[in-house]
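In what follows, a structure is listed as structure tokens, so that the remarks can point back to it.
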Amino acid sequence: MTIDPSKTSTSITPFAMIDKHSALPQEQEILFTMHSVFRIVEITPTPSNSRLWEVQLTITDERDPQLSTLTNRIKEEVQGPTGWHRMGKLMLKVGHFDQAEQLYDELLKGASDDRERVHIYHQLACVRIDRGEYREATEFLENSLKVHEQILSPNDPEKALPEKHPNLAITHSNKGDVHRLIGDYEKALAFHQKALNIQENVKCNPLECATTYMNLGETYREMTDYTTALTYYQKGLKIREEKLAKTHPDLAVIYHNMLKLYFSTEKYSMPMKYIQQAVEIGQEKLPTTHPHLVEYRETYEKIRKKQ
1 MTIDPSKTST SITPFAMIDK HSALPQEQEI LFTMHSVFRI VEITPTPSNS RLWEVQLTIT
61 DERDPQLSTL TNRIKEEVQG PTGWHRMGKL MLKVGHFDQA EQLYDELLKG ASDDRERVHI
121 YHQLACVRID RGEYREATEF LENSLKVHEQ ILSPNDPEKA LPEKHPNLAI THSNKGDVHR
181 LIGDYEKALA FHQKALNIQE NVKCNPLECA TTYMNLGETY REMTDYTTAL TYYQKGLKIR
241 EEKLAKTHPD LAVIYHNMLK LYFSTEKYSM PMKYIQQAVE IGQEKLPTTH PHLVEYRETY
301 EKIRKKQ
């Protein structure tokens with residue numbers, strides 16, 4: 001373990017040597033506060049026992065620019081009214097779908113108002129989509145829309161302009177993706193276009209637009225309209241590369257989708273570039289059992305065998 005005083009502040013991350021007070025002074029123990037953060041520098045097997053691994057750590061704090069960037073990105077992407085809601089989103093992001101479902105089921109039982117139920121129904125739909133349960137996902141999305149419309153008063157501005165509300169764009173985009181996954185491409189395109197009409201005419205998060213572009217690209221790719229698919233992929237990729245870190249998992253998703261397009265057109269040299277990027281990002285940012293990383297590795301092997 002390395003403690004560099006020039007890179008951390010004892011007023012922010014206090015620590016103390018307690019070897020003089022320890023029952024085992026030879027261990028040279030150091031006591032850190034609970035909120036201490038360490039950077040993993042290296043992990044190597046010990047020379048005497050290959051089953052034991054040595055982890056080299058260096059202490060850091062909130063002044064670390066990389067840590068600050070990561071923290072801010074997590075705050076942006078994992079939002080919610082309470083810590084439990086944020087935990088649910090985080091579980092979805094790391095691929096713990098069963099745990100996310102259990103958490104949202106409990107949150108639904110204790111939901112205090114209909115607006116919270118709208119959000120939970122939507123998140124439960126995301127769980128079903130990620131697990132491939134598309135019919136059930138549609139039911140949750142319908143419930144989300146139904147409750148959303150019921151809770152609005154006649155004079156509510158959202159009621160007056162329901163087709164222009166940014167939150168509905170996300171629901172339309174998700175419904176479009178569900179219809180794509182079950183092969184109903186006509187409905188998929190209709191819902192994605194609804195979402196895009198809102199997002200391109202109302203001030204929305206650019207990354208939400210990028211997701212809709214990507215979903216449209218996937219739909220056209222599966223319809224074998226590769227030219228149109230590539231146009232939408234490039235629009236989505238441009239936004240994500242501008243707004244996200246180079247190793248963000250959402251970039252890996254679009255790299256993987258683009259390689260599937262080139263693979264479909266039998267241009268096997270192009271996909272290798274994208275799949276290598278997707279695998280590298282996945283290995284760095286995702287748990288080893290995450291379904292996206294598993295899929296990236298399987299695709300890599302398919303393309304390697306084709307070359």
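The UniProt record's numbering applies: residue 1 is where the sequence shown begins, and numbers increase by one. No residue lacks a Cβ here, since even glycine has one placed at the ideal position from N, Cα and C. The model shown is predicted, which means the values in this text are computed figures rather than measured ones.
### Query
So is Y255 in contact with chain D if we call contact Cβ pairs under 8 Å?
Of the chains in the structure shown, none is chain D; there is only one protein chain.
### Message
Do R240 and L251 count as a contact pair if the criterion is CB distance below 8 Å?
### Response
Locating residue 251 in the sequence shown gives position 251, counting from the first residue. Locating residue 240 in the sequence shown gives position 240, counting from the first residue. For the 8 Å CB-CB criterion, L251 and R240 form a contact.
### Message
Please tell me whether H179 and A195 are closer than 8 Å, where the distance is taken between their beta carbons.
### Response
Indexing the sequence shown from 1 puts residue 179 at position 179. Indexing the sequence shown from 1 puts residue 195 at position 195. Cβ distance not < 8 Å, so H179 and A195 don't count as in contact.
#### Entry: 8 Å contact criterion, which L259 and Y274 should meet: CB distance rounded
Position 259 of the sequence shown, counted from the start, is the residue given in the question as residue 259. Position 274 of the sequence shown, counted from the start, is the residue given in the question as residue 274. So it is a contact: roughly 4 Å between Cβ atoms.
### Task
Check whether the Cβ atoms of Y226 and T265 lie closer than 8 Å to each other.
By 1-based counting over the sequence shown, the position of residue 226 is 226. By 1-based counting over the sequence shown, the position of residue 265 is 265. In this structure, T265 lies closer than 8 Å to Y226 by Cβ.
### Task
Tell me where the alpha helix (DSSP H) around S216 begins and ends.
Here residue 216 is taken as the residue at index 216 of the sequence shown, counted from 1. Note that residue 216 is Leu in the sequence shown here, rather than Ser. Counting along the chain, the alpha helix (DSSP H) containing L216 begins and ends at P206 to E222.
### Query
Within this structure, are the beta carbons of L141 and K175 separated by less than 8 Å?
To locate residue 141, count along the sequence shown from 1; it is residue 141. To locate residue 175, count along the sequence shown from 1; it is residue 175. Yes. Within cutoff.
### Task
Closer than 8 Å by C-beta to H256: which residues in its own chain qualify, once you throw out the five before and the five after it? Chain order, please.
Taking the first residue of the sequence shown as 1, we reach residue 256 at position 256. If we look at H256 and ignore the five residues flanking it on each side, its Cβ neighbours are Y274, I275, A278, H292, E295, Y296 and T299.
### Query
When burial is assigned at 16 or more other CB atoms within 10 Å of the CB, is A16 buried or exposed?
On the sequence shown, residue 16 is found 16 positions in, with the first residue counted as 1. It counts as exposed.
### Message
For D130 and L92, which I take to be in contact (beta-carbon distance under 8 Å), what is that distance rounded to the nearest angstrom?
### Response
Counting from 1 along the sequence shown, the entry for residue 130 is found at position 130. Counting from 1 along the sequence shown, the entry for residue 92 is found at position 92. About 7 Å; that satisfies the 8 Å criterion.
### Query
Looking at the unbroken alpha helix (DSSP H) that takes in A249, where does it start and where does it end?
Counting from 1 along the sequence shown, the entry for residue 249 is found at position 249. Note that residue 249 is Pro in the sequence shown here, rather than Ala. It spans P249 to S264 - the alpha helix (DSSP H) in which P249 sits, taken as one unbroken run.
### Query
So is L168 buried or exposed if we call it buried at 16+ other beta carbons inside 10 Å?
As a working note, residue 168 is residue 168 in the sequence shown. Counting Cβ neighbours within 10 Å, L168 comes out buried, since at least 16 surround it.
### Query
Looking only at DSSP bridge pairs, what is F15 linked to?
Here residue 15 refers to the residue found at position 15 when the sequence shown is read from its first residue. Bridge partners of F15: F32.
### Task
Taking E54 as part of the beta strand (DSSP E), name the residues at either end of that continuous run.
Locating residue 54 in the sequence shown gives position 54, where the first residue counts as 1. W53 to T60 is the extent of the beta strand (DSSP E) around E54.
### Task
Return the first residue and the last residue of the alpha helix (DSSP H) that V41 is part of.
As a position in the sequence shown, residue 41 is number 41, starting the count at 1. Unbroken run through V41 is the beta strand (DSSP E), V37 to P45; no alpha helix (DSSP H).
### Message
Quick check on T289: does DSSP put it in helix, strand or coil?
### Response
Taking the first residue of the sequence shown as position 1, residue 289 is located at position 289. Note: T289 maps to coil in three-state DSSP.
#### Entry: Extent of the continuous alpha helix (DSSP H) to which V127 belongs
Within the sequence shown, numbered from 1, the residue matching residue 127 stands at position 127. Unbroken alpha helix (DSSP H) run through V127: D114 to D130.
### Task
Return the CA-CA distance between T13 and E136, expressed in angstroms with no decimal places.
For the purposes of this step, residue 13 is taken as residue 13 along the sequence shown, with counting starting at 1. For the purposes of this step, residue 136 is taken as residue 136 along the sequence shown, with counting starting at 1. Distance between the alpha carbons of T13 and E136 is about 47 Å.
### Query
Taking I182 as the reference, which of N201, N143, M214 and Y134 has the closest Cα?
Within the sequence shown, residue 182 is the residue found at index 182, counting from 1. Checked all of N201, N143, M214 and Y134; the closest Cα to I182 is Y134.
### Task
Check each candidate in Q283, M272 and C126 and name the one with the smallest Cα separation from I303.
By 1-based counting over the sequence shown, the position of residue 303 is 303. Among Q283, M272 and C126, the Cα nearest to that of I303 is on M272.
### Query
Cβ atoms of Q199 and T212: under 8 Å apart, would you say?
For the purposes of this step, residue 212 is identified with residue 212 of the sequence shown, where counting begins at 1. For the purposes of this step, residue 199 is identified with residue 199 of the sequence shown, where counting begins at 1. A contact, by the Cβ cut-off of 8 Å.
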